[in-house]
Amino acid sequence: MQTTAQSIYAIYALVYISYRNKPVNPSEISNSSSIPKRFLEITLNKLKHHGILKSKKGPNGGFILSKPPEKISLYDILSATESNLSLFDCEKHLPTGCHFKQFLESINCQHLNLLKSITLEDIRKQESQYFLDFII
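The numbering of the sequence shown is our numbering, which starts it at 688 and goes up by one.
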């Protein structure tokens, strides 16, 4: 699985939002990073559509997490931004038959379980000093 820029932007935005105690406007996130505002808006709306974010309209509006960071998995995030989370798809490359399909499916399953075990809170812990220095 090769992640797209959208997935990286989504992770950055979610960590950023998780440190705020108020709705966050896409412009604020865009100004704090090199993420183009329009692309960020598309990404945030995908995350909203998948139930990861909620939005609030109005002058003090913006995006907030729909649940605590420890309840949002990397799998949830990547499922919103990527079309395929599998590492291997041998049938795509070997149309005459994939003789080691079961082995590769086992690896795919382990990969998905790993993504499900990593939470936004885990990512926050790894990147906390950067974000706290930047946001405060």
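No residue lacks a Cβ here, since even glycine has one placed at the ideal position from N, Cα and C.
None of the values given here were measured: they were computed from a predicted structure.
| request: Flag this pair as yes or no: are the beta carbons of L774 and N747 separated by less than 8 Å? | output: In terms of Cβ geometry, L774 and N747 do not form a close pair [threshold 8 Å].
| said: Suppose only complete runs of 3+ residues qualify. What are the beta strand (DSSP E) ranges in the region 718–804, listed by chain order? | reply: Every unbroken stretch of the beta strand (DSSP E) spanning 3 or more residues and falling wholly within the region 718–804 is given here in chain order: 740–743 and 749–752.
| said: The alpha helix (DSSP H) that contains V711, what's its start and end? | reply: Secondary structure note for V711: it is in no alpha helix (DSSP H), with a DSSP letter that is neither H nor E.
| Opening and closing residue of the alpha helix (DSSP H) in which Q689 lies | Per DSSP, Q689 belongs to no alpha helix (DSSP H) and is neither H nor E.
| 8 Å contact criterion, which A697 and T768 should meet: CB distance rounded | Correct: roughly 5 Å between the Cβ atoms.
| message | Do Y699 and I722 count as a contact pair if the criterion is CB distance below 8 Å? | response | In this structure, I722 sits near Y699, with a CB-CB distance shorter than 8 Å.
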